[in-house]
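Okay, structure first, notes after.
There are 2 protein chains.
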Amino acid sequence: MGQLAMTHSDSVAQKALDLASRRMPGLESMSLNLQRDLRALARDKVEIPSGKSIVIEDARCPQLYLVEQGWVLRSRGLASGRRQIVNYALPGDLLCTDSLLFKVSGFDLLARTPVALIRIDAPSGAELFERYPALAAAVAWTAGQDESILAERVVSLGRRDSLEKLSHALCEMEARLASIGMMRGQAIELPFNQEDFADMLGISVIHVNRTFRKLAEEKIALYRKGSIEIRDSARLKQIAAFDPDYLHLS
Amino acid sequence: MGQLAMTHSDSVAQKALDLASRRMPGLESMSLNLQRDLRALARDKVEIPSGKSIVIEDARCPQLYLVEQGWVLRSRGLASGRRQIVNYALPGDLLCTDSLLFKVSGFDLLARTPVALIRIDAPSGAELFERYPALAAAVAWTAGQDESILAERVVSLGRRDSLEKLSHALCEMEARLASIGMMRGQAIELPFNQEDFADMLGISVIHVNRTFRKLAEEKIALYRKGSIEIRDSARLKQIAAFDPDYLHLS
DNA sequence: CGAGGCGTTGACACCCATCAACATGGGTGG
DNA sequence: CCACCCATGTTGATGGGTGTCAACGCCTCG
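Taken in order, these protein sequences are the chains called A and B.
Here the numbering used here = 1-based position in the first sequence + 704.
Here the numbering used here = 1-based position in the second sequence + 704.
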């Protein structure tokens, strides 16, 4: 793949490529072209230790990454010290698609676990759309999927109470993880602590704790460090009024 | 323009085309191609009276619209009767870009004023990206801009109090309207009532009223039916910590 | 063994929702 | 032209959901 030497880890990289190219409904015919484009343009692999923020060194030149492993948080820190997590990226997700369309965005990227990224030497501007239609389609599709996820988050933040917010977030995580084969039984394994949930749901840490307790008392879901056990998926979905269509998964 | 006869209103349509094709930084070189594509694919004009919702008749075939006149609200109604406005579209904006990438979305479109739309017979799937790169770029760019706006809204809803939320929304409206030449002096002319603000900001109508009163007492902004007078733009931006970069306007 | 991250719990305060009542103004029909 | 109505805006009283503060427990790691 490009200048990237074939190594023992290529099966993992291949898996990320498969994930990225497989889940665009209506664009199946471009799957092979996309894989070819990604391989041709892949420059190298970047490994980021857990907890480190992903800095975009050169804001002038386009940056595109394919997540191979780990969880990446996209968030905004406010002057008052508050923080809002906007979204998270998982293996198979394209990162920084906005840098191909605009200058770089005003959000922070944080590796919440050890993260492996495949760096893509993507052209920006007209060249992207004229010479790499499959890659352009993937970028557009990713932007559309992200927009859809954010629209749903706007609804959650605006018009759902804390129990509904948390339930909805858990349903979404379960669906996204399941779609990439990262669910083991009924347990969501995730690197979020309760403060992360607070900053994603727009409520306080203490209230996240109270809300998890409510879910535990009702035997719906059980929070533990590093994992959440879903014990009554049906009720969880009912509380959240969860409809997975907006994720546009296969 | 396609099967659309040249009429006296074509100067208006031309203006919408200009707006749509002009504001993609980095993609200026595709502007002319985009105008050509839009003209070639334009099918007809749809006029929707104020207050009517825009129904997508055939969810299976792709729908793409260019807003020529009026305000379109994108919202979600919840079972409990609550409503959340996710975004709004103005003249020059592309609507329903998601229908080219996925099946149709779960949100409602409402004409908040009399609305004129130019319907585009856009191809979906691989054909869009392989045969119409300029249109594909516009769709991708719109999806990216919408995502960026929604990300900012997530921050507002999650981590700003009501005064900051309202101030930020007003700053955004001023910037978006100014960019398409719809600001007259310091007055924002808009079809939002206080309930619309409530459903956009995720707070109650009554609290919207109290927050406007606070802005009026401080001589920062003055709400009237149908318009808002900005009297101290600097303080408004300061309260909102407003940075217009995320709108990606010229 | 100490320190620090994280989770848990309770007391209290406040922002904002809810409810209710009234004001205003534009539109409609008699 | 007036009476009425309905949408919208305004204001106050009250309550609940959630934030803030404080303290403590547990576990991990150095």
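Backbone N, C-alpha and C fix where the C-beta goes; we use that ideal spot for every residue, glycine too.
Keep in mind the model is a prediction, meaning the values are calculated, not measured.
Those residues which DSSP pairs with residue i across a bridge
i: Ala773 (chain B); result: The identity of residue 773 (chain B) in the sequence shown is Gln, whereas the question assumes Ala. Looking at the DSSP assignment, Gln773 (chain B) forms a beta bridge with B:Ala820.
i: Ser931 (chain B); result: B:Glu893, B:Arg928
i: Leu768 (chain A); result: A:Ile824
i: Arg787 (chain A); result: A:Gly781
i: Ser757 (chain A); result: A:Leu814
i: Arg888 (chain B); result: B:Ala891
Same chain, Cβ closer than 7 Å to residue i, neighbours up to 5 away in sequence not counted
i: Glu831 (chain B); result: none
i: Lys941 (chain A); result: Cys875
i: Lys918 (chain A); result: Leu867
i: Pro948 (chain B); result: Ala879
i: Asp936 (chain B); result: Lys923, Ile924
i: Leu723 (chain B); result: Pro795, Gly796, Ile884
i: Ile943 (chain B); result: Leu867, Glu868, Ser871
i: Pro766 (chain B); result: Ser803, Leu804, Ala826, Ser828
i: Ser715 (chain A); result: none
i: Asp741 (chain B); result: Tyr836, Ala838, Leu839
i: Met887 (chain A); result: Glu878, Leu881
i: Phe833 (chain A); result: Ala840
8 Å Cβ shell around residue i - same chain, five flanking residues per side excluded
i: Leu951 (chain B); result: Gln849, Ser852, Ile853, Glu876, Ala879, Arg880, Ser883
i: Ala902 (chain B); result: Ser908, Val909, His911, Val912
i: Leu905 (chain B); result: Ser860, Leu861, Ser866, Lys869, Leu870, Ala873, Val912
i: His712 (chain A); result: With a pLDDT of 47 at His712 (chain A), under the threshold of 50, the modelled position of that residue is not reliable, and no figure is offered here.
i: Pro837 (chain A); result: Met734, Asn737
i: Pro818 (chain A); result: Glu751, Ile752, Pro753, Ser754, Gln773, Gly774
i: Trp784 (chain A); result: Reading off the sequence, residue 784 (chain A) comes out as Ser, not Trp. So no residue of the chain qualifies.
i: Ser931 (chain B); result: Ala891, Ile892, Glu893, Leu894
i: Gly810 (chain B); result: Arg780
i: Ala709 (chain B); result: Reliability fails at Ala709 (chain B), whose pLDDT of 47 lies under 50, so the model's placement of it is uncertain and the value that follows must be treated cautiously. For Ala709 (chain B), where only same-chain residues beyond five positions count, there are no Cβ hits under 8 Å.
i: Gln955 (chain A); result: This structure cannot speak to residue 955 (chain A), because chain A is shown only from 705 to 954.
i: Ser954 (chain A); result: Arg726, Arg727, Pro729, Ser883
i: Leu682 (chain A); result: Since the displayed chain A opens at 705 and closes at 954, residue 682 (chain A) lies outside it and no answer follows.
Cβ shell of residue i (< 6 Å), same chain only, five flanking positions each side left out
i: Tyr927 (chain A); result: Phe916
i: Gln707 (chain B); result: Note on Gln707 (chain B): pLDDT 44, under 50, position unreliable in the model; the coordinate value appears next. Result list for Gln707 (chain B): empty, nothing under 6 Å.
i: Met705 (chain B); result: Annotation note: pLDDT 44 at Met705 (chain B) (below 50); position unreliable, no value reported.
i: Leu955 (chain B); result: Because chain B spans 705 through 954 in this model, residue 955 (chain B) falls outside it and cannot be assessed.
i: Val750 (chain A); result: Leu821, Arg823
i: Ala793 (chain A); result: Val771, Val776, Leu799
i: Thr801 (chain B); result: Val843, Thr846, Ala847
i: Ile934 (chain A); result: Gln890, Ala925
i: Ser725 (chain A); result: Ser735, Leu738, Gln739
i: Ala920 (chain B); result: Leu926
i: Glu856 (chain B); result: Tyr950
i: Arg939 (chain A); result: Ile924
i: Ala841 (chain A); result: Leu731, Met734
i: Ala945 (chain A); result: none
i: Ala720 (chain B); result: Leu770, Glu772, Pro795, Gly796
beta-carbon residue i near the ligand NAD non-hydrogen atom, thresh 7 Å
i: Phe946 (chain A); result: Among the ligands in the structure shown, none appear at all, so the ligand NAD cannot be discussed.
* Three or more C-beta pairs below 8 Å linking the region 892-902 of chain B and the region 823-835 of chain A -> Counting Cβ pairs under 8 Å, fewer than three are found: no touch.
* Could you pull out every unbroken alpha helix (DSSP H) segment of at least 4 residues lying fully inside the region 715-753 of chain A, listed in chain order? => Qualifying alpha helix (DSSP H) stretches, in chain order: 735-745.
* **Sequence ranges, alpha helix (DSSP H) only - wholly within the region 789-875 of chain A, length at least 4** => List check, alpha helix (DSSP H) in window: 802-805, 830-835, 837-863.
* Name, going along the chain, the residues of the region 709-741 of chain A whose beta-carbon falls closer than 7 Å to a beta-carbon of chain B. => Listed by position along the chain: Pro729, Gly730, Leu731, Ser733, Met734.
* To do: Check whether the region 730-739 of chain B touches the region 805-816 of chain B, taking contact to mean three or more Cβ pairs, one atom from each stretch, closer than 8 Å.
  => Between the region 730-739 of chain B and the region 805-816 of chain B, the count of Cβ pairs shorter than 8 Å is below three; the stretches do not touch.
* Asked: Counting pairs of Cβ atoms below 8 Å between the region 858-873 of chain A and the region 777-788 of chain B, do you hit three or more?
  -> Judged by Cβ distances under 8 Å, the region 858-873 of chain A makes contact with the region 777-788 of chain B, as three or more pairs qualify.
* Using a beta-carbon distance cut-off of less than 7 Å, what residues from the region 767-782 of chain B approach chain A? -> Near chain A, meaning a CB-to-CB distance below 7 Å, the residues of the region 767-782 of chain B are Arg780, Leu782.
* Residues of the region 917-946 of chain B with a CB closer than 9 Å to any CB of chain A: list them in chain order, please. => Within the region 917-946 of chain B, the residues whose Cβ lies closer than 9 Å to some Cβ of chain A are Ala945, listed in chain order.
* Asked: Closer than 7 Å, Cβ to any Cβ of chain A: which residues of the region 895-911 of chain B, in chain order?
  -> Residues are counted here when their Cβ sits less than 7 Å from a Cβ of chain A; for the region 895-911 of chain B these are Gly906, given in chain order.
* **Under 8 Å (Cβ pairs) to chain A, residues found in the region 867-878 of chain B** => Listed in sequence order: no entries.
* **Interfacial residues, the region 789-813 of chain A to chain B, with Cβ spacing under 9 Å** => Here the close residues are Ile789, Val790, Asn791, Thr801, Asp802, Leu804, Leu805, Phe806, Lys807, Ser809, Gly810, Phe811.
* To do: Could you please tell me which residues of the region 843-859 of chain B, in chain order, have their CB closer than 7 Å to any CB of chain A?
  => Those would be Val843, Ala844, Trp845, Ala847, Gly848, Asp850, Glu851, Ser852, Leu854, Ala855, Arg857, Val858, Val859, in chain order.
* Listed in chain order, which residues of the region 813-831 of chain B have Cβ atoms closer than 9 Å to some Cβ of chain A? -> Per Cβ criterion, the list reads Ser828, Gly829, Ala830.
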